[in-house]
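Chemist:
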Amino acid sequence: MAHSTDPVAQPAGPHRIDELDALRGLALLGIVMFNIVQMTHLTRVSGPAGEHLGAYVWELLFVQRPFPIFSLLFGISFSLFLRTAARRTDRPRLVLLRRLLWLGLFGALHTLIQPGEVLKFYAVFGLVVLLPASYLSRRWALGLGIVLSLAAALTFNGLFIIPGLFLLGLAIAEYDIPDTLPSRGRQLAVALAVAVPVAAVTGWLQFRAGVGPANYRILPAGLAFAFLFTVGFLLLMRTALRRPLGALLSPLGRVALTSYVAASFLIVTGDALLDIGSRSSYGAVVGLGLAIGVVQAIFSVLWLRSFRYGPLEWLWRCLTWWQREPIRRA
0 MAHSTDPVAQ PAGPHRIDEL DALRGLALLG IVMFNIVQMT HLTRVSGPAG EHLGAYVWEL
60 LFVQRPFPIF SLLFGISFSL FLRTAARRTD RPRLVLLRRL LWLGLFGALH TLIQPGEVLK
120 FYAVFGLVVL LPASYLSRRW ALGLGIVLSL AAALTFNGLF IIPGLFLLGL AIAEYDIPDT
180 LPSRGRQLAV ALAVAVPVAA VTGWLQFRAG VGPANYRILP AGLAFAFLFT VGFLLLMRTA
240 LRRPLGALLS PLGRVALTSY VAASFLIVTG DALLDIGSRS SYGAVVGLGL AIGVVQAIFS
300 VLWLRSFRYG PLEWLWRCLT WWQREPIRRA
């Protein structure tokens with residue numbers, strides 16, 4: 000059974016992958032933390048990490064950590080949406096082409112308030128990488144994804160990490176990993192055992208390199224920590240914390256496009272009230288990020304009680320299929 004796990008619009012249905020919904024919600028919260036600094040033009044300090052521990056912790060948690068998770072989920076969603084579309088039309092790639100073009104338009108409009116937004120890049124790389132890659136075997140998609148991701152990390156190119164992660168997500172879906180997560184506890188545990196020392200080493204190298212926008216160690220460490228956070232979170236979702244984590248994060252992940260765009264307006268409003276850009280620490284950034292997360296989590300829970308999709312998710316879906324889709328729950 001196919002499930003859609005699009006990080007910006009997952010179709011509602013009787014069966015969902017709650018872990019990936021929640022993981023998407025978690026990644027979105029981290030992206031908001033980074034976007035606050037970017038949009039408010041808060042000056043990021045530079046220098047030895049030991050002299051700027053707050054900045055180091057913030058970079059360790061939020062710089063190039065949630066973004067790779069979000070990108071990986073987009074690649075997963077692409078493959079799964081293609082399967083779903085194939086059941087509804089004999090030209091599923093044409094539907095995906097239209098979907099990516101509309102996403103690019105959303106991104107272009109969002110750029111007016113958030114110049115560093117990522118949707119436009121997702122649309123472009125989706126068109127030039129994912130659509131052609133949908134004709135490849137899963138083995139080729141996996142191999143190319145690994146090569147491109149490592150190449151981007153080793154050359155410290157944050158933008159071009161996207162196509163590699165897209166391909167990895169595509170391969171993950173083609174290997175049916177999202178559908179078989181409940182039976183992969185042992186594999187997740189092994190992955191965690193690998194991720195912990197790798198993240199520790201790259202985190203130490205990042206500490207040695209210091210803090211600041213020019214820290215070239217951030218991208219390799221970011222990938223290592225993104226992997227650690229993903230595996231660790233999926234394991235947490237197998238414990239008693241599954242219920243509270245799912246209740247808080249899964250609805251947020253289901254309306255991620257709406258939340259991602261709305262967060263930009265909330266950041267502008269928060270900055271106007273708090274003048275975050277003029278501050279010298281990350282305390283106000285974390286406070287505003289948590290406040291935005293709480294507001295959006297509450298909104299997503301209340302909204303999904305009556306509606307099947309978030310507002311922008313519904314609009315995107317209607318434009319994708321070029322017809323009005325039902326939005327209210329029965």
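Sequential numbering of the sequence shown, starting at 0, is according to numbering that gives the first Met the number 0. Where a beta carbon is used, it is the ideal one built from N, C-alpha and C, also for glycine.
(1) Distance check for Leu318 and Tyr134, CA to CA, integer angstroms please.
(2) Could you tell me whether the Cβ atoms of Leu22 and Leu265 are closer together than 9 Å?
(3) DSSP beta-bridge partners for Val210?
(4) When we look at the beta-carbon of Arg207 and count the other beta-carbons within 10 Å, is it buried (16 or more) or exposed?
(5) Tell me which same chain residues have a C-beta within less than 6 Å of the C-beta of Gly125, skipping the five on either side of it?
(6) Could you check whether Trp313 and Ile297 sit closer than 9 Å to each other, using their CB atoms as the reference points?
(7) Closer than 8 Å is the cut-off here; do at least three beta carbon pairs connect the stretch 161-169 with the stretch 184-191?
(8) Below 8 Å, can you find three or more Cβ-Cβ pairs linking the stretch 193-203 to the stretch 240-252?
(9) Using alpha carbons as the reference points, say which of Glu50, Leu60, Phe226 lies closest to Val285.
(10) Pairing CB atoms from the stretch 246-260 with CB atoms from the stretch 287-297, are three or more of them under 8 Å?
(11) Look at the alpha carbon of Pro10 and the alpha carbon of Val94, and state the distance between them as a whole number of angstroms.
(12) Terminal residues of the continuous alpha helix (DSSP H) containing Gln113?
(13) Using only alpha-carbon positions, find the residue among Val230, Arg278, Phe306, Phe80 that is nearest to Arg183.
(14) According to DSSP, simplified to helix, strand and coil, what is Pro13?
(15) Work out the CA separation of Leu19 and Leu301 for me, nearest whole Å.
(16) So, is Arg253 buried or exposed, given that buried needs 16 or more other C-beta atoms within 10 angstroms?
(17) Checking 9 Å against the spacing of the C-beta atoms, do Ala152 and Ala140 come in under that value?
(18) If you draw a straight line from the C-alpha of Val62 to the C-alpha of Ile68, how long is it?
(19) Would you tell me roughly how many angstroms separate the C-alpha atoms of Gln113 and Ile176, rounded to the nearest one?
(20) What are the complete alpha helix (DSSP H) segments, minimum 4 residues, inside the stretch 67-109?
(21) Pull up the distance between the alpha-carbon of Trp315 and that of Arg82, whole angstroms please.
(22) Check each candidate in Val210, Phe228, Gly292 and name the one with the smallest Cα separation from Pro250.
(23) With the cut-off set at 9 Å, would you say Trp320 and Arg87 are in Cβ contact?
(24) In or out: Pro6 buried (at least 16 other Cβ within 10 Å) or exposed?
(25) Using DSSP bridges, identify the partner residues of Arg327.
(26) Excluding the 5 residues flanking Gly24 on each side, which residues of the same chain have their C-beta closer than 6 Å to its C-beta?
(27) For the stretch 35-53 and the stretch 143-151, state whether three or more C-beta atom pairs, one from each stretch, are separated by less than 8 Å.
(28) Which same chain residues, not among the five before or five after Val31, have their C-beta less than 6 Å away from its C-beta?
(29) Drop a sphere of 10 angstroms on the beta-carbon of Gln322, count the other beta-carbons inside from all chains shown, and report buried for 16 or more, exposed for fewer.
(30) State yes or no: is the C-beta of Val117 within less than 9 Å of the C-beta of Gly103?
(31) Excluding sequence positions up to five away, which residues of its chain have a Cβ less than 7 Å from the Cβ of Leu273?
(32) If we call anything under 9 Å between Cβ atoms a contact, is Ser305 one with Gly168?
(33) Can you look up Met333 in the DSSP assignment and give me helix, strand or coil?
Modeler: So, from the listed chains and residues:
(1) Near 25 Å, if we compare the C-alpha coordinates of Leu318 and Tyr134.
(2) The answer is no: Cβ separation not under 9 Å.
(3) The partner list for Val210 (beta bridge, DSSP) reads Gly46.
(4) Counting Cβ neighbours within 10 Å, Arg207 comes out exposed, since fewer than 16 surround it.
(5) If we look at Gly125 and ignore the five residues flanking it on each side, its Cβ neighbours are Leu99.
(6) No; because the gap between Cβ atoms is not below 9 Å, this pair is not in contact.
(7) Using a C-beta cut-off of 8 Å, the stretch 161-169 makes no contact with the stretch 184-191, since fewer than three inter-stretch Cβ pairs fall below that distance.
(8) No: fewer than three Cβ pairs fall under 8 Å.
(9) When only C-alpha atoms are compared, the closest one is Leu60.
(10) Touching, yes.
(11) Residue confidence is low: Pro10 scores 40 on pLDDT, short of 50, so the model does not pin down where it sits. No coordinate-derived value is stated.
(12) Looking at the DSSP string, Gln113 is not in any alpha helix (DSSP H), and its letter there is neither H nor E.
(13) Of the listed residues, the one whose Cα sits closest to Arg183 is Val230.
(14) For Pro13, the predicted structure reports a pLDDT of 35, less than 50, and the residue's modelled location is therefore unreliable. The matter cannot be settled from this model.
(15) Straight-line Cα distance between these residues: approximately 20 Å.
(16) With 16 or more Cβ atoms within 10 Å of its Cβ, Arg253 is classed as buried.
(17) Not a contact, by the Cβ cut-off of 9 Å.
(18) Val62 and Ile68 have their C-alpha atoms some 12 Å from each other.
(19) One C-alpha to the other measures close to 34 Å.
(20) Correct list: 91-109.
(21) Roughly 18 Å separates the two Cα atoms.
(22) Minimum Cα distance to Pro250 is reached at Gly292.
(23) The criterion of a C-beta distance shorter than 9 Å is satisfied by Trp320 and Arg87.
(24) In this prediction, Pro6 scores a pLDDT of 43, lower than 50, which makes its location untrustworthy; no coordinate-derived value is stated.
(25) In DSSP, Arg327 forms a bridge with Phe306.
(26) So the list reads Leu248, Leu251, Gly252, once near-sequence residues are dropped.
(27) Output reads no: the stretch 143-151 does not touch the stretch 35-53.
(28) Its chain contains Ala262, Gly288, Ile291 as the residues whose beta carbon lies nearer than 6 Å to that of Val31, once the 5 sequence neighbours on both sides are disregarded; these appear in chain order.
(29) Using a 10 angstroms sphere on the CB of Gln322, the tally of other CB atoms stays under 16, which defines it as exposed.
(30) Not a contact, by the Cβ cut-off of 9 Å.
(31) Here the set comprises Ala283, Leu287.
(32) A distance of 9 Å or more separates the beta carbons of Ser305 and Gly168.
(33) This structure leaves residue 333 out entirely; the chain is present only between 0 and 329.
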